[in-house]
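Asks: Residue numbers (my numbering): 5 to 366.
1) Please work out which residues of its chain come closer than 6 Å, Cβ to Cβ, to residue 84, disregarding the five sequence neighbours upstream and downstream, and give them in chain order.
2) Taking the DSSP output, what are the residues bridged to residue 176?
3) Using a 10 Å radius around the Cβ and a threshold of 16 neighbouring Cβ atoms, would you call residue 152 buried or exposed?
4) Considering only residues of the stretch 265-307, which uninterrupted beta strand (DSSP E) runs meet the minimum length of 3 residues and lie entirely inside it, listed in chain order?
5) Taking C-alpha atoms, which residue in 223, 117, 355 lies nearest to residue 28?
6) Is residue 149 near the ligand MN, with its Cβ less than 6 Å from a heavy atom?
7) Find out if the Cβ-Cβ distance for the pair residue 139, residue 192 is shorter than 7 Å.
8) Residues in its own chain within less than 8 Å of residue 353 by CB, not counting five upstream and five downstream?
9) For residue 252, tell me which candidate among 155, 287, 312 has the shortest Cα-Cα distance.
10) When you compare only the Cα positions, how much space is there between residue 72 and residue 158?
11) By DSSP, does residue 203 sit in helix, in strand, or in coil?
12) According to DSSP, is residue 114 part of a helix, a strand, or is it coil?
13) Excluding the 5 residues preceding and the 5 following residue 62 in the sequence, name in chain order all residues of the same chain whose CB lies nearer than 6 Å to its CB.
14) Within the continuous alpha helix (DSSP H) that includes residue 90, where are the two ends?
15) Measure the C-alpha to C-alpha separation of residue 309 and residue 166 and round it to an integer number of angstroms.
16) Rounded to a whole number of angstroms, what is the C-alpha to C-alpha distance between residue 290 and residue 234?
17) Where does residue 221 sit, in a helix, a strand or coil, going by DSSP?
18) Short of 7 Å in beta carbon distance, which residues of its chain neighbour residue 221, apart from the five on each side in sequence? Order them along the chain.
19) Please classify residue 148 as buried or exposed, where buried requires at least 16 other C-beta atoms within 10 Å of its C-beta.
20) Given a threshold of 16 other Cβ atoms within 10 Å of its Cβ, counted over all protein chains shown, does residue 88 qualify as buried or as exposed?
21) Is the beta carbon of residue 125 sitting closer than 7 Å to the one on residue 186?
22) Does the Cβ-Cβ distance between residue 58 and residue 128 come in under 7 Å?
23) In this structure, does DSSP put residue 352 in helix, strand or coil?
24) Which residue wins for smallest C-alpha separation from residue 303, given the options 254, 100, 263, 195?
25) I think residue 188 touches residue 131, with their Cβ atoms under 8 Å apart; what is that distance to the nearest whole Å?
26) Do the CB positions of residue 296 and residue 199 come within less than 7 Å of each other?
27) State the start and end residues of the unbroken alpha helix (DSSP H) segment that holds residue 365.
28) Do you know how far the Cα of residue 219 is from the Cα of residue 238?
29) From 172, 56, 95, 91, pick the residue whose C-alpha is nearest to that of residue 135; which is it?
30) Does the Cβ-Cβ distance between residue 208 and residue 45 come in under 7 Å?
31) In angstroms with no decimal places, state the Cα-to-Cα distance between residue 214 and residue 307.
32) From residue 25 to residue 230, what distance separates their C-alpha atoms?
33) Given a cut-off of 7 Å on the beta-carbon distance, is the pair residue 269 and residue 282 in contact?
34) Have a look at residue 16 and residue 43 and give me their C-alpha separation to the nearest angstrom.
35) Using the Cβ count rule (16 or more neighbours within 10 Å means buried), how would you classify residue 18?
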């Protein structure tokens, strides 16, 4: 039991890092699938991540201390138990079970073989609950997935993690397939007992467009657009011999001004997060879109042009230091403006107001 608790503790320690990695993809999927963020739904998703992490740790750890883990004198080995329902025999033998001896019934619950089967059932019990409530799956898909996942685990163990280790370090047991699948089925059947206090799943999982584009949604879209622009710049434009600030300004204008007009108000980030740009009348207007994209493009280009110039000179004068300080203050003011605007009913920034455009969630 202590070794199981140790693995659960290790999973709990690693979970914050796993959650950090999956936060952005999860939020993107939530917006694309449901149109908005819901705290309880996010909590359920991350609890599922925690469950899968615990499942992986419990069935795979501890790993052998060396890749050459075969017993002395053996080059390779196999650990298989292919006799179905052998656990009945193992439990009866360990508990010295006899139908006419009442005390032997109690000894069943003290047998380590019984605990092993019970553990394998309980291990997949949450999977059935998640599949019925959150993933809205029927009985047969849930049972087949439980069987498939259990088979994948057993093959992984029986092959020494597909040849990574010289010998298997756990037994490939056909009875585990039965116990795990039974656990998934029981979880599916018992799901209402565990989820009765949660909202109706159709209400929790329905698509509902948000009233406005939140700051989180917008920042993630900016991040996606930044990655796309960085890839375009790194793999193509950076190799050209033209002025880098001029090329950057043209790229930004095309991306933030022209592309939304051609693509129904979308950039790649906005499309991924399911919101678009339109004018205040709900239409696409080329010059307003171009006006909107000009200001952030100009600010970013001036930053790049200034820092490129500073890197090209050998001595930085007081004027350069003053300009740098002014740019830093400008960025701080812009950041404070963003913080101020996202707390207001009208979250549009200055360049959105000047261009008479707005963001519309889908």
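Built from N, CA and C at the ideal position, the CB exists for glycine as well.
Replies: Here's the rundown:
1) 176
2) 84
3) exposed
4) 279-283
5) 223
6) Here there are no bound small molecules, and the ligand MN is not part of this structure.
7) no
8) 341, 342, 345
9) 312
10) 20 Å
11) coil
12) coil
13) 11
14) 90-99
15) 53 Å
16) 25 Å
17) helix
18) 35, 277, 279
19) exposed
20) exposed
21) yes
22) no
23) coil
24) 254
25) 5 Å
26) no
27) It is not in any alpha helix (DSSP H) - residue 365 instead sits in the beta strand (DSSP E) that spans 361-365.
28) 28 Å
29) 56
30) yes
31) 34 Å
32) 18 Å
33) yes
34) 21 Å
35) exposed
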